[in-house]
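Below is one structure, written out as structure tokens; the observations come after it.
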Amino acid sequence: MEKTNVIDQIIKENSSKFYDRIKNDDNFVVDGEKITKKGDFFQKQTRIALKNYGIINPESIEEYIVMGGYKALEKSIFELSNQEIIDIVKDSNLRGRGGAGFPTGRKWEGAMRVESDQKYVICNADEGDPGAYMDRSILEGDPHSVIEAMAICAKAIGADKGYVYIRAEYPKAVAALKKAIDDAKKYNLLGDNILGSDFSFDLKIRLGAGAFVCGEGTALIQSIEGKRGMPQAKVFRTTEKGLFRKPTVLNNVETFANIAAIINNGADWFKSIGTEDSPGTKVFALVGKVNNAGLVEVPMGMTINEIVFDIGGGIPDNKKVKAVQTGGPSGGCIPEELFDTKVDFISLARIGSIMGSGGMVVMDETDCMVDIAKFFMKFTVDESCGKCTPCRIGNKRVLEILERITSGQGELEDLDLLDDLCAVITDSSLCGLGKTATTPVISSMKYFRDEYKEHIVDKKCRASVCKDLLQYTITEKCVGCGICKKQCPVNAISGERREMHEIDTTVCIKCDNCRSACPVHAIVKM
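Residues in the sequence shown are numbered from 1 upward in steps of one, following the UniProt record's numbering.
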């Protein structure tokens, strides 16, 4: 078969129009073919996975190709052998960006070496961490970067079928994927005999119902097969027996989004960014108590301080930062005194957290760390598949203890009980969800144990978050206007007009109506 020149033709027909549009947009800086966004928010970022995000029209395959898209696939098909593709990915030391950090090249090589009549490539787009939207944004803003990488992977391991497993709750990302797949097929970049070669690859979408546990590889595979999404004991690696018991490579969205750049620029280029053990960049959803929230992509090895203060712009209203939680429900809470920690796989693990898929939640002095731990434990308990006892029952017991502590019913012995329970759950749960579920509790108890003791001994929540421990008091600022009295739904406030009022704490339901209504800010919660 003869190689087609469809990519060069698209570039020839669309390049001028695309660059004219970009040059006339004040939001971009154009240096030859390099396009970057203006603004302080982007100054310290290094964008690989997000290279095209916010620059190209995600519905235009032509703009993706003008920006160098599908050149890596063309190179992989016509210039590189399967082993050469894998060698480049292995040499780059790209580690999986879904949380575990397993070397991508080793995974691909494992699947390539297994003899089978059928192999599969799966993209895990089942992003369910609270506050995380990295993968969804890549699919919404640059879907072809994932499609191209999946085709490269398929070529390398000898697969001809692939699936993108994505939550049905992400309709914009699903629509972008569907159009991108259709357009790629139209230009013969997917389907039979791609670009006139003997390589064929078909890609389909499978919608998940929103179960967090289906982000775990074996549960995801069960779901694609039409079964209930529950983790399985890993007797075999998925590269040996995965989907339909056939060799399968499973990577997440961000991992795939790095592949084309590595093939085009080489392993040494990729390793020149980041650290020796954790090369490249990492995408984070920077959210919470930070002035400049949003998607950021930074070189591995940048400190938490740089991300929160230089890129994120610090904490709103001049409040004091307390902690950052990385890694979603499976991640740890990192106190301010450790903000000089570098963000890479080893450094975060050393202080009791994880990289995870890329959530980064900033907390300030108005956040209660016990309540934060309770929030993540409640999420994990709700999302547990219930298959194994440590996760199903153990995490429920942890949540109940945290609820006792935040309601003022806790005892000091509960802290030792939490330590023991968390250790057992971590050691004996079946899958990654259970094994890491108690990480927010373990890390918050390690770095903020004094807050736990305050809740138990002093019956006090210093952040005034835990409702059962709050008390409302009227201070001497009170002018006796009576507005608070009118707003109280249970008549807990007494006092004559123009005299200082009082709150009966035995009647008060802590609805906060009085404090919010007071025109002179005379009511405080403690």
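C-beta atoms are modelled at their ideal positions from N, C-alpha and C, and glycine is treated no differently. Nothing here was measured: the structure is a model prediction, and the numbers come from that model.
Are the segment 281-293 and the segment 170-180 touching, with three or more C-beta to C-beta distances below 8 angstroms? no
Strand pairing of Gly-359, partner residues [DSSP]: Ala-285
Run of the beta strand (DSSP E) containing Pro-335, from where it starts to where it stops: 333-335
At what residue ranges does the UniProt domain "4Fe-4S ferredoxin-type" (470-498) contain a whole run of the alpha helix (DSSP H), taking only runs of 4 or more? 483-487
Ends of the beta strand (DSSP E) at Asp-202? 202-208
Between the alpha carbons of Gly-208 and Asp-160, how many angstroms are there, rounded? 22 angstroms
Under the three-state reduction of DSSP, which class applies to Tyr-165: helix, strand or coil? strand
First and last residue of the beta strand (DSSP E) that includes Ala-125? 120-125
Whole angstroms are fine: how far does the CA of Phe-284 sit from the CA of Ser-137? 11 angstroms
Alpha-carbon spacing of Cys-514 relative to Ile-405, whole angstroms: 26 angstroms
Return the CA-CA distance between Ala-423 and Leu-415, expressed in angstroms with no decimal places. 13 angstroms
When you compare only the Cα positions, how much space is there between Leu-189 and Glu-59? 16 angstroms
For Phe-41 and Met-302, I'd like the C-alpha separation in whole angstroms. 15 angstroms
Tell me the DSSP secondary structure of Asp-31 in three-state form. strand
In this structure, how does DSSP classify Gly-301 when only helix, strand and coil are distinguished? coil
From residue 527 to Lys-17, what distance separates their C-alpha atoms? The question about residue 527 has no answer, for the chain in this structure spans 1 to 526.
For Gly-226, which option in Arg-206, His-521, Asn-318, Asn-491 has the closest C-alpha, if you only look at C-alpha atoms? Arg-206
Just how far apart, CA to CA, sit Ala-72 and Ser-200? 16 angstroms
Can you give me the Cβ contacts of Lys-378 inside the same chain, cut-off strictly under 8 angstroms, excluding the 5 residues immediately before and after it? Leu-399
Exposed or buried, what is His-144 when buried is set at 16 or more other beta-carbons lying within 10 Å of its beta-carbon? buried
Quick check on the burial criterion: 16 or more other C-beta atoms within 10 angstroms. Buried or exposed for Asn-395? buried
Out of Cys-153, Ile-55, Phe-345, Ala-257, point me to the one whose CA is closest to residue 530's CA. Because the chain in this structure spans residues 1 to 526, residue 530 falls outside the shown range and cannot be described.
Going by Cα to Cα distance, which pick from Lys-459, Ile-456, Lys-387, Gly-408 is closest to Gly-432? Lys-387
Could you name the residues of the same chain whose beta carbon sits closer than 7 angstroms to that of Tyr-170, not counting the 5 residues immediately before and after it, in chain order? Arg-136
Exposed or buried, which one is Arg-95 when buried takes at least 16 other CB atoms within 10 Å? buried
So what's Leu-250 in DSSP terms, helix, strand or just coil? strand
Can you tell me whether Asp-427 is buried or exposed? The criterion is at least 16 other CB atoms within 10 Å of its CB, across all chains shown. exposed
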